[in-house]
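S.K.:
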Amino acid sequence: MKNTIIIAEAGVNHNGSIEIAKKLIDAGAAAGVDYVKFQTFKSEKVISKNAKKADYQIANTADGVESQLEMVKKYELDKDTHLELIQYCNVKGVKFLSSPFDLESIDLLVELGIELFKIPSGEITNLPYLRKVAALKKDIILSTGMCNLSDIEQAISILIANGATRDSITILHCNTEYPTPMADVNLSAMNTIRNAFNVNVGYSDHTLGIEIPIAATALGASVIEKHFTLDRNMEGPDHIASLEPNDLIEMVKAIRNIDLALGDGIKQPSASETKNIAIARKSIVAAQDLKVGDVITEDNITVKRPGSGISPLKWDELIGKKIKKNIEADELLEIGHIE
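Just so you know, we're using this note's numbering here: the sequence shown kicks off at 2 and counts up by one.
(1) What separation, rounded to the nearest whole angstrom, lies between the Cα atoms of residue 193 and residue 334?
(2) Terminal residues of the continuous beta strand (DSSP E) containing residue 97?
(3) What does DSSP give as the partner residues of residue 277 in its beta bridges?
(4) How should residue 72 be labelled, buried or exposed, when 16 other C-beta atoms within 10 angstroms of its C-beta is the threshold for buried?
(5) From the DSSP output, in three-state form, read off residue 79 for me.
(6) Who are the Cβ neighbours of residue 305 in its own chain at under 8 Å, not counting the five residues just before and after it?
(7) Relative to the alpha-carbon of residue 229, which residue among 11, 33 and 117 has its alpha-carbon at the smallest distance?
(8) Based on Cα-Cα distance, which residue from 55, 125, 134 and 329 lies nearest to residue 293?
(9) How long is the line joining the alpha carbons of residue 303 and residue 268, rounded to whole angstroms?
(10) Tell me the DSSP secondary structure of residue 38 in three-state form.
(11) What residues match up with residue 228 in a beta bridge as DSSP calls it?
(12) Looking at residue 21 and residue 231, is the spacing between their C-beta atoms short of 8 Å?
(13) Please state whether DSSP places residue 174 in a helix, a strand or coil.
(14) For my contact list, residue 1 and residue 97 are in at a C-beta cut-off of 8 Å; report their separation, rounded to the angstrom.
(15) Considering only residues of the same chain and omitting the five flanking positions on each side of residue 160, which have a CB-CB separation below 8 Å?
(16) Could you pull the start and end residues of the alpha helix (DSSP H) that residue 305 belongs to?
(17) Under a three-way DSSP split, which group does residue 296 fall into?
(18) Applying the criterion that 16 or more other CB atoms from any shown protein chain within 10 Å of the CB defines a buried residue, is residue 206 buried or exposed?
(19) Could you give the residue range of the alpha helix (DSSP H) that holds residue 317?
(20) Since residue 106 is in the beta strand (DSSP E), which residue starts that stretch and which ends it?
(21) Would residue 186 be called buried (16 or more neighbouring beta carbons within 10 Å of its own) or exposed?
(22) Apart from the five residues on each side of it in sequence, which residues of its chain come closer than 7 Å, Cβ to Cβ, to residue 147?
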């Protein structure tokens, strides 16, 4: 059975509150996700003081004059908070994950025992960063928002040249607009990436709703990442493009059903339908009363349910044979009825 890894992206939707962060973990665990993912960064290491907010950040935060650095600073999680959230995830039976955004944050996550490294789209051209993650020789998930195939090829080459293996890398198709317009999703590009680079692929979603992650699962995504929040009306840059808890539950349920439904690809009768073969298929029956010595013709036999008698595939073999037992109309022909 396919088992899609589902990452519920809490990101910075905790708004700097450990209590909200724990409630997000509660919601992720209740939905049955595999990972609840946060973001690990030292603001000054990631963003210059002159960096402006993105349009979606301006639209979804009340302070229109603050810089990107001032906005992001409020969402930093220190080491002690990381430890507390990791422990809380363990209690709730869900795995903790976080994306590092700078070199020091990579070191912190290594220190905390993180075994899977999720590289955000914005770091795909960050050569020192990619080298450092690759040298860890751990599993890597790389988002590719804002990228073309050349960008992805370059990043994969850097990772492999510095210690990663192709088998350890999963590439997520992604669009870095919050929310992503449906016309810009280009979901087919996920399989373009798979075919181009022979890697595991998945999808990181920023659309509104749950249908695109479900479609990605049906197309073969091995990983689905989706932002979620406690309330889309909360202030913050990412809440508006996030799922609320009930929608997260529905998305996970649908993805798990798709995993089951994809099956093993072998076309054969399933256990549940085998009992219906004899009911739904047909057999050769007498079209009229037949007597001993009658010759079977195209006109005196026909095909009807049930399918527990002679298969209609044997039709040509019966034509011209003689009947050796009286048969009533609508009666199934049996091998014992025919000379």
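Don't be surprised by glycine CBs; every beta carbon is placed ideally from N, CA and C.
M.R.: Reading from the atomic positions:
(1) About 55 Å.
(2) Residue 97: member of the beta strand (DSSP E) spanning 96-101, first to last residue.
(3) Residue pairing for residue 277: DSSP places it in no beta bridge.
(4) Classification for residue 72: buried.
(5) Coil at residue 79, not helix or strand.
(6) The beta carbon of residue 305 sits closer than 8 Å to the beta carbons of 283, 284, 286 and 331 from its chain, once the five residues preceding and following it are set aside; these are given in chain order.
(7) Checking every option, the nearest Cα to that of residue 229 belongs to 11.
(8) Shortest Cα-Cα distance from residue 293 to any of 55, 125, 134 and 329 involves 329.
(9) Put simply, the backbone Cα of residue 303 is about 30 Å away from that of residue 268.
(10) In the structure shown, residue 38 sits in a strand (DSSP, three-state: E or B).
(11) Residue 228 pairs with 10.
(12) Note that the C-beta distance between residue 231 and residue 21 is below 8 Å.
(13) Here residue 174 sits in strand by DSSP.
(14) The chain is shown only over 2 to 340; residue 1 falls outside these bounds and no answer can be derived.
(15) Listed in chain order, the non-local C-beta contacts of residue 160 below 8 Å within the same chain comprise 131, 134, 135, 141, 143 and 170, local neighbours out to five positions each way being set aside.
(16) Premise fails: residue 305 lies in the beta strand (DSSP E), 302-305, not in any alpha helix (DSSP H).
(17) In the structure shown, residue 296 sits in a strand (DSSP, three-state: E or B).
(18) Taking every protein chain shown into account, the CB of residue 206 has 16 or more other CB atoms within 10 angstroms, so this residue is buried.
(19) For residue 317, the enclosing alpha helix (DSSP H) stretches over residues 316-319.
(20) No beta strand (DSSP E) holds residue 106; the alpha helix (DSSP H) holding it covers 104-112.
(21) Per the 10 Å Cβ criterion, buried.
(22) Same-chain partners within the cutoff: 122 and 177.
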